[in-house]
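One structure below.
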Amino acid sequence: MSNGYEKISIQWFPGHMTKAERMIEENMKLVDGVCEIIDARIPFASRNPDIDRLAAGKPRLVVLNRADQADPEATKLWQAYFKKQGWYVLETDAKTGKGVNRFAGAVRAALKDKIAYYEEKGQGNRPLRIMVVGIPNVGKSTFINKVAKRKAAIAGDKPGVTRGKQWIKIDNTLDLLDTPGILWPKFDDENVGQVLALTGAVKDDILDRETLAANFMVRLRDHYPMVIEQRYKFKPDPEASGYDLLCAAARKRGFLISGGELDTERMAAILLDEYRGGKLGRLTLEYPPVEVNV
Ligand code: G4P
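What follows is the structure in structure tokens.
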């Protein structure tokens with residue numbers, strides 16, 4: 003990874019991050035539980051791990067969104083991994099709404115002790131309040147809008163758009179608190195920046211696209227070699243570097259620049275576009291620690 007990337011990772015909107023986290027902390031006392039939306043393709047990178055500190059002691063729900071774009075086998079492993087932390091887990095495709103109808107039931111299951119407590123105090127009718135958090139592009143607004151069955155969340159939670167907190171009434175039993183501000187992912191790990199760029203969650207112009215694509219080739223070779231064979235029509239050499247693999251793909255596609263040199267830049271752009279466009283199929287880029295695989 004280039005030095006440029008390292009520099010960006012350190013200076014990544016620190017002001018926004020602090021503000022969003024402070025607002026989450028301030029509002030935590032108002033909610034009964036926390037629902038974290040993450041990207042099923044990159045469940046580590048699409049989390050802000052500070053949530054664990056900010057939401058300490060609150061019942062937790064994790065929504066593995068974009069499940070339609072992730073490898074179903076890997077999503078099963080991730081479900082087991084998060085359940086092991088004592089969290090309730092849902093798998094959704096917020097775009098079509100698949101899995102979203104299980105949200106209300108999951109909230110009640112996660113908050114069963116809270117519900118029992120409210121009932122004991124004679125407040126059984128009190129709506130449950132859930133804070134929804136997620137880094138940009140995980141599908142948080144789409145998810146909230148599907149749960150609410152209306153355009154309740156402001157989509158495009160983008161830098162520069164400041165807004166206050168937003169309560170969204172789902173029905174008489176449930177209120178959602180859409181987190182104010184932008185919760186950034188944690189870029190301290192090089193891998194995090196790379197997989198966020200691969201999925202398009204951050205712009206890849208902050209990285210060297212050829213290096214990103216070459217590293218992606220290695221990921222494909224190690225986890226989904228059939229994708230390389232089927233899409234790029236060659237059998238990946240287990241010893242080859244990512245750049246060699248990118249060259250092999252460029253050769254197969256006949257991408258040359260004048261002088262007969264391989265146009266790896268073009269191949270890199272095409273590879274990334276094809277992945278983001280879903281042409282390589284349902285791929286997961288991060289896997290849970292191996293203990294849960296057994
Ligand atoms: P955010 O609030 O977390 O920032 O994300 P947002 O809901 O704005 O979603 C970002 C994009 O991701 C949207 O696409 C949305 O449709 C898409 N998306 C959200 N959830 C899912 C999912 O589970 N599966 C898939 N395949 N896509 C999902 P867009 O291109 O910005 O808009 P549009 O083409 O849907 O209009």
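Heads up: the sequence shown begins at 3 in this note's numbering, then just goes up one per residue.
All C-beta atoms in this analysis are idealised placements derived from N, C-alpha and C, irrespective of residue type, glycine included.
Next item on the list: Report yes if the C-beta distance between F141 and R68 is below 8 Å; otherwise report no.
Entry: This sequence places Gly at residue 141; Phe is not what is there. A contact, by the Cβ cut-off of 8 Å.
Item checked: Per DSSP, cross-strand counterpart(s) of R62 -> Answer is V36, bridged to R62.
Checklist line | Assumed close pair V220, K148 - CB separation to whole angstroms, cut-off 8 Å | finding: That pair is no contact at about 36 Å.
Item checked: Check whether Y234 and A216 have beta carbons under 8 Å apart -> The answer is no: Cβ separation not under 8 Å.
Check: What is the rounded straight-line gap between the Cα of N174 and the Cα of A106?
Finding: 12 Å
Next item on the list: Reducing DSSP to helix, strand and coil, say where L113 ends up.
Entry: Coil at L113, not helix or strand.
Notebook entry, point to check: Rounded to a whole number of angstroms, what is the C-alpha to C-alpha distance between A57 and L285?
Noted result: 30 Å
Note to self: Assuming I137 and D180 are in contact, meaning their beta carbons sit under 8 Å apart, how far apart are those beta carbons, in whole angstroms?
What the structure shows: Not quite, the Cβ-Cβ distance comes to about 14 Å (not below 8 Å), so this is no contact.
Item checked: Heavy atom of the ligand G4P within 7 Å of V140 beta-carbon -> yes
Next item on the list: For K281, collect the residues of the same chain with a Cβ closer than 6 Å to its Cβ; drop the 5 residues on either side in sequence, then sort them by chain order.
Entry: none
Notebook entry, point to check: Where Y90 and G35 are concerned, what is the direct C-alpha to C-alpha distance, given to the nearest angstrom?
Noted result: Rounded to whole angstroms, Y90 to G35 spans 11 Å at the Cα level.
Check: Would a C-beta distance cut-off of 8 Å place V194 and I39 closer than the cut-off?
Finding: no
Notebook entry, point to check: Going by beta carbon distance, what residues of the same chain come within less than 6 Å of F46, once the five residues before and after it are set aside?
Noted result: E288
Check: If you follow the beta strand (DSSP E) that M133 is part of, which residue opens it and which one closes it?
Finding: Run containing M133: L130 to V135, per the beta strand (DSSP E) assignment.
Note to self: Assuming the contact rule is C-beta atoms closer than 8 Å, L79 and A42 should be a hit. Round their C-beta distance to whole Å, please.
What the structure shows: Not really, about 11 Å apart at Cβ, beyond 8 Å.
Next item on the list: Use the C-beta contact count for W186: other C-beta atoms within 10 angstroms, 16 or more gives buried, fewer gives exposed.
Entry: buried
Next item on the list: Compute the minimum distance between the beta carbon of A96 and the heavy atoms of the ligand G4P, and state whether it is under 7 Å.
Entry: In terms of side-chain proximity, the C-beta atom of A96 is found nearer than 7 Å to a non-hydrogen atom of the ligand G4P.
Notebook entry, point to check: T144 and K114: beta carbons closer than 8 Å?
Noted result: no
Item checked: Distance cut-off 7 Å: Q232 Cβ against heavy atoms of the ligand G4P -> Result no, Cβ not under 7 Å from the ligand G4P.
Notebook entry, point to check: Hey, N29 and K116: beta-carbon distance below 8 Å or not?
Noted result: Result no, Cβ atoms of N29 and K116 do not sit closer than 8 Å.
Next item on the list: Grab me the residues of K85's own chain with a C-beta within less than 7 Å of its C-beta, minus the 5 sequence neighbours each way, in chain order.
Entry: V91
Notebook entry, point to check: For M269, which option in L214, Q196, I26 and P238 has the closest C-alpha, if you only look at C-alpha atoms?
Noted result: L214
Check: When burial is assigned at 16 or more other CB atoms within 10 Å of the CB, is K31 buried or exposed?
Finding: exposed
Margin query: Taking the straight line between their C-alpha atoms, what separation do you get for E276 and L200?
Written below: 11 Å
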